[in-house]
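Novice: Below is the structure I would like to discuss, written out as structure tokens.
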Amino acid sequence: MDTPINHSDYEQLAAGYVLGALEPDDEHVFQQHLGGCPQCEASVRELEEVVGELAYAAPPADPPATLWASIRREVRPERRRTQPRPRRGVAPLLARLAAAAAIVAVAALSVWNLNLRDQNASYRNQVAALEQAARLLNEPNTSRIALQGSATGAQATVVASSPQDRGVLIVENLPPLQRGRVYELWGIPERGRGQPQKALVFIPLRRQGVQTHEFEVPIQPGTVFAITEEPGPVGSDAPTTKPILAGEPQTV
Amino acid sequence: MRGKAYRGLEDGQLVQLVAEKDDGALEALYERYGKVAYSLARRILTDELLAQDVVQEVFLSLWRNARRFDAGRGTVATYLLSMTHHRAVDVVRREENLRRRRTSDEVLEFKADPAPGVEAEAEAAERRAEVRAALGQLPPAQREALALAYFGGYTQREVASLVGVPLGTVKTRMAAGMRKLKEALQEAGREEQQPWTRQ
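Chains as they are written, first to last, in numbering that gives the first Met the number 0: chain A, 0 to 251; chain B, 0 to 198.
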């Protein structure tokens, strides 16, 4: 659409937005506006409720009993696995290297497995990112940063090369996002006190699996990495939400 | 805690238990919303297996992210059902052939409910009646635009092309229709508060 000239244009877009019916350019315009407009945010929240309630207009259909059974099958093992994690930070060098290698190996296997099924560009990018991660791990002055935070089950590791100002993000089980939101990776210099630098914008996988992304960002020895949720599709120039995962470097 | 004990709990309390990895609480939420979520996904996708995938994904998402659930941003019902809608629409767009099989008349069809039966679904049946009454109050052109987007997964431009009106008209119809629905449903909600659909 043409650039909206007054606020009622945005109000009108809110309905299409919650229905997921906007054209990409309208969606982009609305998302850009939404982050800074409490009125439209409130309107979206109210209309999301209508979207939820409209579900009751669908003709009722009983789900098969196997549906709950398969959900339960997925959640039961997780319930048993919820134990406190051991403290990290004093692991010997070899153990950390082994852990990094294991992550890369698991990621490589899963990407290889996916590649057997579908040779599309996104998987080729994943393989390129994995190769890059392996290359960086083989070089001096490479840090491996485990990102930690509040998102249950989410795991993320950054392999970062300070001399090259580039790295690879390996990420798994990030919470799914609402439509139009993205995750953004930041490099924050001076142990998190400096100005955050945009490293990467991405959306999580729909299915379970490891995602890998290459990025370029200025990296000093004290650069902290953090992931925040931001308005899509291009993310923000500075973080607008609290990080869901963050971590400081430890040289491997 | 087992079985019936969960039934007396509100949605918000159940989500707190789900955050503590209590799968009984997740099952209680599934009993409340699994059927309506599945019905919606099936309506949009017209495919039972894809609909099951979507519902499974939605409940697993709640299981994994219950700790981050923010009641200030909406109810659990809204979270589960609006996410079901988003996911199902994403899938229907990916599976274009599903949509080609359906005419806009099929999308728009609102069948009368079968007899609600003795199931523990009286609340859901009432909710259904309210939502359908609210839809019934809309001018037909607004209802048509909303139904094509909501159940058909069509974008505003596609709706404009299907209906044969300018894009701007579709935007106006959807905005007006959603506003009226919101008012009608709020009115219905005020008349009859249901303990577990409102936190």
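The beta carbon of each residue, even a glycine, is placed where N, CA and C say it ideally should be.
Compare the C-beta of I187/A with all C-beta atoms of chain B and state if any pair is closer than 7 Å.
Specialist: To locate residue 187/A, count along the first sequence from 1; it is residue 188. Answer no: the Cβ-Cβ gap between I187/A and chain B never drops below 7 Å.
Novice: With H, G and I counted as helix, E and B as strand and the rest as coil, what does DSSP make of L184/A?
Specialist: What you label residue 184/A is simply residue 185 of the first sequence in a count that begins at 1. Correct three-state label for L184/A: strand.
Novice: Locate the beta strand (DSSP E) running through V170/A, then write down its first and last residues.
Specialist: Looking up residue 170/A in the first sequence gives position 171. From DSSP, the beta strand (DSSP E) with V170/A extends over R165 to E171.
Novice: Compare the C-alpha of R44/A against each of V53/B, A27/B, F68/B and T77/B and name the closest.
Specialist: Position 45 of the first sequence holds residue 44/A. Closest option to R44/A, Cα to Cα, is T77/B.
Novice: What is the rounded straight-line gap between the Cα of I202/A and the Cα of L176/A?
Specialist: Within the first sequence, numbered from 1, the residue matching residue 202/A stands at position 203. Within the first sequence, numbered from 1, the residue matching residue 176/A stands at position 177. Spanning the two alpha carbons is a distance of roughly 8 Å.
Novice: Touching or not, the stretch 7-22 of chain A and the stretch 218-232 of chain A, by the rule of three or more beta carbon pairs under 8 Å?
Specialist: Touching, no.
Novice: Give every residue of the same chain whose Cβ lies closer than 6 Å to the Cβ of V54/B, excluding the five residues on either side of it in the sequence, and list them in chain order.
Specialist: Numbered from 1 along the second sequence, position 55 holds the residue referred to as residue 54/B. Excluding residues within five positions, the ones whose Cβ falls inside 6 Å are A36, Y37 and A40.
Novice: Going by alpha carbons, who is nearest to E228/A out of R190/A, I187/A and G179/A?
Specialist: Here residue 228/A refers to the residue found at position 229 when the first sequence is read from its first residue. For the residues R190/A, I187/A and G179/A, the minimum Cα distance to E228/A belongs to G179/A.
Novice: How would you label H212/A, buried or exposed, when you count the other beta carbons within 10 angstroms and need 16 or more for buried?
Specialist: In the first sequence, residue 212/A corresponds to position 213, counting from 1. With 16 or more Cβ atoms within 10 Å of its Cβ, H212/A is classed as buried.
Novice: For a cutoff of 7 Å on Cβ pairs, would you count P59/A as touching chain B?
Specialist: Against the first sequence, residue 59/A aligns to sequence position 60. Taking Cβ atoms only, chain B reaches closer than 7 Å to P59/A, which makes this a yes.
Novice: So who's on the other strand from V209/A, going by DSSP bridges?
Specialist: The residue you call residue 209/A lines up with position 210 of the first sequence. Answer is E171/A.
Novice: Indicate whether Y55/A and R178/B have their beta-carbon atoms separated by less than 7 Å.
Specialist: Here residue 55/A refers to the residue found at position 56 when the first sequence is read from its first residue. Here residue 178/B refers to the residue found at position 179 when the second sequence is read from its first residue. No, the Cβ-Cβ distance between Y55/A and R178/B is not below 7 Å.
Novice: Since I226/A and E183/A are thought to touch, with beta carbons under 8 Å apart, how far apart are those beta carbons, to the nearest angstrom?
Specialist: Residue numbering aside, residue 226/A sits at position 227 when the first sequence is read from its first letter. Residue numbering aside, residue 183/A sits at position 184 when the first sequence is read from its first letter. Their Cβ separation, rounded to whole angstroms, is 7 Å, which keeps I226/A and E183/A in contact under 8 Å.
Novice: Cα-Cα, which of S235/A, E130/A and L66/A is closest to A33/B?
Specialist: Residue numbering aside, residue 33/B sits at position 34 when the second sequence is read from its first letter. Reading off the sequence shown, one finds Gly at residue 33/B, where the question assumed Ala. Nearest option by C-alpha distance: L66/A.
Novice: Is the separation between the beta-carbon of E47/A and that of S81/B shorter than 7 Å?
Specialist: As a position in the first sequence, residue 47/A is number 48, starting the count at 1. As a position in the second sequence, residue 81/B is number 82, starting the count at 1. Yes.
Novice: Less than 6 Å between the CB of V17/A and some heavy atom of the ligand ZN, yes or no?
Specialist: In the structure shown, the ligand ZN is absent, as is every other ligand, since no ligand is present at all.
Novice: Run through chain B and tell me which residues come within less than 9 Å of V50/A, C-beta to C-beta.
Specialist: Looking up residue 50/A in the first sequence gives position 51. In chain order: T77, L80, S81, H84, H85, Y149 and M177.
Novice: Apart from the five residues on each side of it in sequence, which residues of its chain come closer than 6 Å, Cβ to Cβ, to S235/A?
Specialist: Against the first sequence, residue 235/A aligns to sequence position 236. If we look at S235/A and ignore the five residues flanking it on each side, its Cβ neighbours are E229.
Novice: Would you say T151/A and I169/A are within 7 Å of each other, going by their C-beta atoms?
Specialist: Against the first sequence, residue 151/A aligns to sequence position 152. Against the first sequence, residue 169/A aligns to sequence position 170. No, Cβ-Cβ distance for T151/A and I169/A is not below 7 Å.
Novice: Using CA atoms only, rank isn't needed, just tell me which of V75/B, Y149/B, L137/B and Q51/B is closest to L8/B.
Specialist: In the second sequence, counting from the first residue as 1, residue 8/B sits at position 9. Comparing Cα positions, the closest option is V75/B.
Novice: Please identify the residue among Q31/A, V209/A and P217/A whose C-alpha is closest to the C-alpha of K197/A.
Specialist: Counting from one through the first sequence, the residue named residue 197/A turns up at place 198. The residue with the shortest Cα to Cα distance from K197/A is P217/A.
Novice: Enumerate in chain order the residues of its own chain whose CB-to-CB distance from A132/B is below 8 Å, with the five nearest sequence positions on each side excluded.
Specialist: Reading the second sequence from its first residue, position 133 is the one you call residue 132/B. Excluding positions up to five away in sequence, the list reads A183 and A187.
Novice: Scan the stretch 29-53 of chain A for residues whose Cβ lies nearer than 8 Å to a Cβ of chain B and list them as they occur along the chain.
Specialist: Flagged, chain order: R44, E45, L46, E47, E48, V49, V50, G51, E52 and L53.
Novice: Measuring alpha carbon to alpha carbon, tell me which of T239/A, E189/A, A132/A and E52/A ends up nearest E125/B.
Specialist: Translated into positions along the second sequence, residue 125/B becomes position 126. The candidate whose alpha carbon is nearest that of E125/B is E52/A.
Novice: Roughly how many angstroms lie between the CA atoms of R190/A and P248/A, to the nearest whole one?
Specialist: As a working mapping, residue 190/A is identified with position 191 in the first sequence. As a working mapping, residue 248/A is identified with position 249 in the first sequence. Taking the straight line joining both Cα atoms gives about 9 Å.
Novice: In chain B, which residues lie less than 7 Å from G15/A when you measure between Cβ atoms?
Specialist: Locating residue 15/A in the first sequence gives position 16, where the first residue counts as 1. Under the 7 Å cutoff, chain B gives Q155, K170 and M173.
Novice: Can you list, in chain order, the residues of the stretch 22-42 of chain B whose Cβ is nearer than 9 Å to any Cβ on chain A?
Specialist: Those residues of the stretch 22-42 of chain B that come within reach of chain A (Cβ to Cβ, closer than 9 Å) are D22, L25, E26, Y29, E30, Y32, G33, K34, V35, A36, Y37, S38, L39, A40, R41 and R42.
Novice: Please look up how many angstroms separate the CB atoms of Q155/B and E40/A, rounded, as I've assumed it's under 8 Å.
Specialist: Here the question's residue 155/B lines up with position 156 in the second sequence. Here the question's residue 40/A lines up with position 41 in the first sequence. Not quite, the Cβ-Cβ distance comes to about 21 Å (not below 8 Å), so this is no contact.
Novice: Counting Cβ pairs closer than 8 Å, one from the stretch 70-77 of chain A and one from the stretch 148-165 of chain B, do we hit at least three?
Specialist: With the cut-off at 8 Å, the stretch 70-77 of chain A and the stretch 148-165 of chain B do not touch.
Novice: Kindly list, in the order they appear in chain A, the residues whose Cβ is closer than 8 Å to that of Q55/B.
Specialist: As a working mapping, residue 55/B is identified with position 56 in the second sequence. Those are L66, S69, I70 and E73, listed as they occur along chain A.
Novice: Give me the Cα-Cα distance between I243/A and E19/B, rounded to the nearest whole angstrom.
Specialist: As a position in the first sequence, residue 243/A is number 244, starting the count at 1. As a position in the second sequence, residue 19/B is number 20, starting the count at 1. Roughly 19 Å between the two C-alpha positions.
Novice: Report the start-end ranges of each alpha helix (DSSP H) in the stretch 7-44 of chain B that is 4 residues or longer and not cut off at the edges.
Specialist: The stretch 7-44 of chain B contains these whole alpha helix (DSSP H) runs: 10-18 and 22-44.
Novice: Does the beta carbon of Q11/A sit closer than 7 Å to a beta carbon anywhere in chain B?
Specialist: Position 12 of the first sequence, counting from 1, holds the residue named residue 11/A. It does: the Cβ of Q11/A has a partner Cβ on chain B nearer than 7 Å.
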